[in-house]
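This report refers to the structure that appears directly beneath it.
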Amino acid sequence: MSVEHEDPFVKIAALIGGDEYLKVARSLLNTEDATDEEIASSTGLRINIVRKVLYDLFGKALITGIRVKDEKKGWFVYRWRARKDEVDNFIENQKKKIVERLQQRVDYENSADFYHCGNEDCQKLTFEKALDLSFKCPTCGKLVNLSKNEKLKKALQGKIDQLRDDLKH
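Position one of the sequence shown corresponds to residue 21 (our numbering), numbered consecutively onward.
Written out as structure tokens, the structure reads:
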């Protein structure tokens, strides 16, 4: 799945859901106001997969659908259209959500004391958990010591600062 030279709408769709989303996004760009059946036909995907992808992209405001009456069959169908103008807003909103989650993690790291044995494969423990375990690592059995997690905090804060800087531009 090479998408490096694709339209941003197609790239975002592929990042969201992989190959199926990629095929649907390409189809939407090639045929404006396509029905789910037309998209299924052009992509080779099953209709239920196409509908799942369309509803997800619609829920993320990356496509729009208009309901029209099918003159041949007599029932209503949706015609779908890519909202390429919403890609930048979608990316910005995702960055804001990531900043929020990273900030919550930094706040968590700053709010508690953690203990660790020094072994990379072992988990860090809260004070309460370390106390329950008599300050012994449940994985390797070594004694756990207070861990400041400065490296992690610095990395998280660096990513937050980078994303906030991106959002300003």
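Using N, Cα and C, we set each Cβ at its ideal position, and we do this for glycine too.
Along the length of the region 78-153, whole alpha helix (DSSP H) runs at least 4 residues long occupy 107-131, 147-152, reported in chain order. In the three-state reduction of the DSSP assignment, L65 falls in the coil class. When DSSP states are grouped into helix, strand and coil, N165 belongs to the strand group.
It is roughly 10 Å from the alpha-carbon of L166 to the alpha-carbon of A150. Here the alpha carbons of D76 and D186 stand approximately 26 Å from one another. Between G79 and R99, the C-beta gap is not smaller than 8 Å, which leaves the two residues out of contact.
Note that the region 168-185 touches the region 126-146; at least 3 beta-carbon pairs, one per stretch, sit closer than 8 Å. Judged by beta-carbon spacing, A45 lies within the 8 Å limit of V30, meaning their Cβ atoms are closer than that value. Per DSSP, the unbroken alpha helix (DSSP H) holding P28 starts and ends at 28-37.
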